[in-house]
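Colleague: Before I ask anything, let me first share the structure, which is written out below as structure tokens.
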Amino acid sequence: MNTVVCIKQVPDTETLIKVQGAGIVQDGVKWVMNPYDEFAVEEALRQKEKMKAGAVTVVSLGPDRAIEAIRTALAMGADTAVHINDAAFAEKADPYATAAALAAAVKGLTYDAVFVGKQAIDDDAGQVPAMLGEMLGIPVVTMVIKFDVADDKSKATVTREVEGGVAVIEVPLPAVFSAQKGLNEPRYASLPGIMKAKKKPVDAKTAAALGVTEGPKTVVKEMSLPPARQAGKKIAGDDAAAKAKELARILHEDVKAV
Amino acid sequence: MHGSGAEISREVFWNILGPGFPTEQVLLYIIAVGAFLLFFQGLARGGFFTRLKAIMKAQGPEIDRVNKPWERFWYTVIDVFGQKKILREPFQGIFHSFILWGFIALVITTAIVFAQADIIWPIWHVWFMKDGFYLGLSLFADVFGALAIIGVLMALYRRYVMKPKWLDEKAEDKIVLWFILGILVTGFVVEGLRIQATEANPSSPMYQYIWTSPVGRTMAFLFSGMSIEAIKGTHFMLWWAHVLGAFGFIIYIAYSKLLHIFMAPANIFLRADVQNPPIKVMPPEMFENAETFGIHKLEEYSWKDLFDSEACIRCGRCVEVCPAFNTDKPLKPRDVIQNMRTYIEQKAKFAMDLNGNYRILSDEEYTGPALIGDTIEKDTIWACTTCMACVEACPCYINQFPKLIELRRYLVMMESDFPAEVLDVFKGMENNSNPWSIGAHVRADWAKGHDIPLMSEKGGAEYLFYVGCAGAFDDLNKKVAISLAKIFKAAGLDFAILGTEEGCCGDSAKKIGNEYIYQALAMANIETFKAYNVKQIITMCPHGYNTLKHDYKELGGNFEVFHYTEILDKLIKDGSLKLNQPVGDLGTVTYHDSCYLGRYNNVYKQPRNILKAAGVGNMVEMASHHAKSFCCGAGGGRMWMEEDLGARINQTRTKEVEAAGAKTVCTACPFCYTMLSDGIKELELSEKLQAIDIAVLVAKAAGIDIKSSDADEKEAAS
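Chains as they are written, first to last, in the working numbering: chain S, 18 to 275; chain E, 409 to 1126.
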């Protein structure tokens, strides 16, 4: 089975985020592959291993540094990659523009399924999977936690998360699947995998070269960090009753909780 | 007197040789030659040569093991004859020494008798075995023979009565002892019979010296009622029994664990110059060129790794001290080595062609049992805490646990096969340079508000205070880092920290088997150290200490590295640090030796000196301490793994603290501090016990307040 996996490079969840205008300060940020995309890569690899045939192609939009995330996917076992290496385009890209660029790259590939993470953990938009399916003119199943493909690769039976339960869906292939946590346990790249990844082919293209004409439909005007957590308050005093009374007053008047 | 005429001596073949041609003597030679031939045949039949061929085919890199031959020779002699390492265990030590010394003494005596009777007398007709020399020799042989008997009896007592749970039990273990006892006892009985017949008679010139054979003389009393004919008949029979037994023993060496008589000294001779670092570095260029990493096939070990299994006599000292074994985990270092030995032979059978040539088989050709899984189980591989107790305990200088680390390397780097919880540890080390996976940018947050000199601001300092991940990220251990920084300041030490430029030392990665991450982390640190022209480093964590001190050298990082206990001990001694404030009521105090300080680096004194200087009052040692200290359970990356097999090591150690009657256990390692603190909580002993790091105690004794103004505010606010 041939699969395409779309991945995004995002800041590590623990890294220091400083907001500057409508974006973040990129200096000193540790970049990693979007964790949901790891599930997508892993699932593509598992399908290939199960069918003992096919290739896994990774597609990513991002500046030069995105190659690190691509190499991580290649180290896990993906075969080839397309790097839409276009810093200017990526800088302004909203989910629509991102999906357009990815779709343009995916169109030229042969595939039975496209796997993507359900959302990127940086902007949390979660729109790309659906838009990508629309632009490619194929079905989309989101929040996939189990994936089975028919032997003739004509359809897939997938389980997706729905509020409070699961739904089992049958869908003709090709289709786009967005991966939710629980789909699998992403592998840790072996050392030979890491070494081989350095030599695997990565096709670098600009958005223009892919024929992407559509730009972003939305613009980020401002970005801010959540307010810092307030320090706790200590109610001083020796009289327990007075302290309890003060606690009740704070909860009622200041916090308005009771 | 065999024609010698010497009065103060004895006839060597008394009652054995008939008149005329010495048929029996010639027969003895034939038997002797036969015994030696059978010994070599036994080596072949016992698989020794087969194993040796396999060992010679090992491909792993190995250091020069025969350099400085004289030095090696002498320490082997001292170690073997002095029974240096053997005697560390009193009971086993004494009985083994008695048997060994008895054996050597009797071999020497026999050689002298042989030289006299079979070489010097027949050729030159000189009889030197007489008068004072003879009497001395007689006493020497009797005394050592008696010691050997005592030794064997003690060993039998252990085998039949004491039966420690770590002792292996095979038929040969008892056979060997009864065999030796039989030879020794028949020897003395033969002597007693001869003495009764020839010397126990006031008219004999030997009569007045008869007690120079104290055991033989005593034996002779048993036969005083026997007729001379009966004595001679019994003597003749038992003499031959004794002789045949001795030659049988030589043959049996080839088939049994007795082969250690040769293999143990050989392994001592071949031991590494220094014990550190026991785990070989993987040459950095290997990552670019090699196709496989770590070990999953026997031949990938070095010849010495395989040879170790020849020296193993299954004594079980390594098992006795193993924290994994003692908490019911499936790891016995001895069995790792023994299984390897069996496997060497098994695999050799596949690999040997009909002409006896050994050939390395490719993975496709070899269909026998695998090294990982079939020979050494994965649970065994992951159970090791790298505490070094096995290596330290082994009288034959076998490196047990490093062989497991090689297997981990294969599992981790080739198969990505490791306990699931380790994944985050690797990712944390890769992305944020710490196993806690906390953002690298907060590495220096512990120092905020304490006015601690930063290398990037200071430009350089006499000492780099390398804090390590625990001191930087772990709440419990941050106060140790603060204590140390404040103590150094109070003592006027010229030091600085690297702040966010510091990186993980990589010890956990290395010991879990991820040499790739380890080297990346190590190289980054070495580069930073060099950029600030760092010469001397003080570490807070013994793991960082050992890694920076020994392992970084292999990657080009040559620094003088100290653990903080070494520095504090020095500062206290030279008066720079005055400990004159009360440390409060700690009750009885005990010190828990960190494996990486103690066994790895021989730092035992300094922490204890510091505690005394801090005036902790009553100090006791736990049941296991110093070189035999019991691991806290966190080494070898076990800190980051679930402990779902057997009892918990940290709780076992905590119980030892309690059993020692201590109220406070002091640590000098953040991992030990964490593990013992957790142990106390898990066992609900918080009312009775407390764990405290030595640095925190010293700060208190020096009257240093480790809370900053910031910290005060925070605490007030929470």
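Note that the Cβ used here is the ideal one computed from N, Cα and C, for glycine as well.
Quick caveat: nothing in here was measured; it's all calculated off a predicted structure.
1) In chain S, which residues lie with their C-beta within 9 Å of the C-beta of E:GLU823?
2) List the endpoints of the continuous alpha helix (DSSP H) containing E:ARG1016.
3) Following the continuous beta strand (DSSP E) through S:SER195, name the residue where it begins and the one where it ends.
4) Just to confirm the assignment, what range does the beta strand (DSSP E) spanning S:VAL179 have?
5) Look at E:GLU785 and E:ILE703 and say whether their C-beta atoms are less than 8 Å apart.
6) Is E:ALA939 close to chain S? Criterion is C-beta to C-beta, closer than 8 Å.
7) Do we get a CB-CB distance below 8 Å when we pair S:GLU31 with the residues of chain E?
8) E:ILE752 lies in the alpha helix (DSSP H); which residues open and close that run?
9) Compute the Euclidean distance between the alpha carbons of E:LYS918 and E:TRP844, then round it to the nearest angstrom.
10) Does any residue of chain S bring its CB to less than 8 Å from the CB of E:PHE881?
11) Is there a Cβ of chain E sitting closer than 8 Å to that of S:GLY296, yes or no?
12) Mind checking whether E:GLU910 and E:TYR940 have CB atoms under 8 Å apart?
13) Measure from the C-beta of E:ALA1125 to each C-beta in chain S and report whether the shortest distance is under 8 Å.
14) Candidates E:PHE448, E:LEU1053, E:PRO1078, E:ILE1018: which alpha carbon is nearest E:CYS1040's?
15) Can you give me the Cβ contacts of E:SER916 inside the same chain, cut-off strictly under 6 Å, excluding the 5 residues immediately before and after it?
16) Residues in the stretch 846-862 of chain E with C-beta within 9 Å of chain S's C-beta atoms, listed in sequence order?
17) For E:ASP977, which option in E:GLU935, E:LEU667, E:ALA1103 has the closest C-alpha, if you only look at C-alpha atoms?
18) When burial is assigned at 16 or more other CB atoms within 10 Å of the CB, is S:GLU31 buried or exposed?
19) Establish whether the CB of E:GLU699 and some CB of chain S are separated by less than 8 Å.
20) Which word fits S:THR230, buried or exposed, when buried means at least 16 other C-beta atoms lie within 10 angstroms of its C-beta?
21) On a CA-only basis, which of E:GLU1092, E:GLY921, E:LYS938, E:CYS949 is nearest E:VAL1011? Give me that one, please.
22) Quick one: does E:ASN933 have its CB under 8 Å from some CB of chain S?
23) Tell me where the alpha helix (DSSP H) around E:SER891 begins and ends.
24) Is it the case that the stretch 491-509 of chain E contacts the stretch 251-258 of chain S, given that we only count it when at least three CB pairs across the two stretches are under 8 Å?
25) Quick check on DSSP: helix, strand or coil for E:PRO1078?
26) Sort E:GLU870, E:ILE687, E:THR1072 by Cα distance to E:ILE1100 and report the nearest one.
27) Under three-state DSSP, which class holds E:MET409?
28) Considering S:ASN102, what are the terminal residues of the alpha helix (DSSP H) in which it resides?
29) In terms of alpha-carbon separation, which member of E:PHE429, E:PRO477, E:GLY426, E:GLN491 lies closest to E:PRO803?
30) Quick check: is the beta carbon of S:LYS47 nearer than 8 Å to any beta carbon in chain E?
31) Kindly indicate the opening and closing residues of the beta strand (DSSP E) around S:ALA221.
32) Over the uninterrupted alpha helix (DSSP H) stretch that includes E:HIS643, give me the two end residues.
33) Rounded C-beta distance between E:GLU800 and E:ARG473? I'm assuming under 8 Å.
34) From the DSSP output, which residues share a beta bridge with E:ILE1100?
35) Does E:TYR924 have its Cβ less than 8 Å from a Cβ in chain S?
36) Given a cut-off of 8 Å on the beta-carbon distance, is the pair E:ASP825 and E:LEU819 in contact?
Modeller: Taking the geometry as given:
1) Chain S residues near E:GLU823: SER207.
2) 1013-1021
3) 192-196
4) 172-179
5) no
6) no
7) yes
8) Counting along the chain, E:ILE752 sits inside the alpha helix (DSSP H) bounded by residues 741-759.
9) 16 Å
10) no
11) As displayed, chain S neither begins before 18 nor continues past 275, which places residue 296 of chain S out of reach and without an answer.
12) no
13) A caution first: E:ALA1125 carries a pLDDT of 44, below 50, which makes its placement in the model unreliable, though a value can still be read off. Taking Cβ atoms only, chain S reaches closer than 8 Å to E:ALA1125, which makes this a yes.
14) E:PRO1078
15) PRO843, GLY1045
16) ILE846, GLY847, ALA848, HIS849, VAL850
17) E:ALA1103
18) buried
19) yes
20) exposed
21) Sorting E:GLU1092, E:GLY921, E:LYS938, E:CYS949 by C-alpha distance to the C-alpha of E:VAL1011 places E:CYS949 at the top.
22) Taking Cβ atoms only, chain S never reaches closer than 8 Å to E:ASN933, which makes this a no.
23) Looking at the DSSP string, the run of the alpha helix (DSSP H) that includes E:SER891 is 883-898.
24) Counting Cβ pairs under 8 Å, fewer than three are found: no touch.
25) Helix, per DSSP.
26) E:THR1072
27) Caution applies to E:MET409, whose pLDDT of 41 falls short of 50 and renders its modelled position unreliable; the model cannot decide the point.
28) Where S:ASN102 is concerned, there is no enclosing alpha helix (DSSP H), although the beta strand (DSSP E) around it starts and stops at 97-102.
29) E:GLN491
30) Put simply, the CB of S:LYS47 is near chain E, with a gap under 8 Å to one of its CB atoms.
31) 219-222
32) Per DSSP, the unbroken alpha helix (DSSP H) holding E:HIS643 starts and ends at 636-663.
33) Contact doesn't hold; Cβ gap of about 20 Å is too wide.
34) DSSP, once it has assigned bridges, lists E:CYS1074 as partnering E:ILE1100.
35) yes
36) yes
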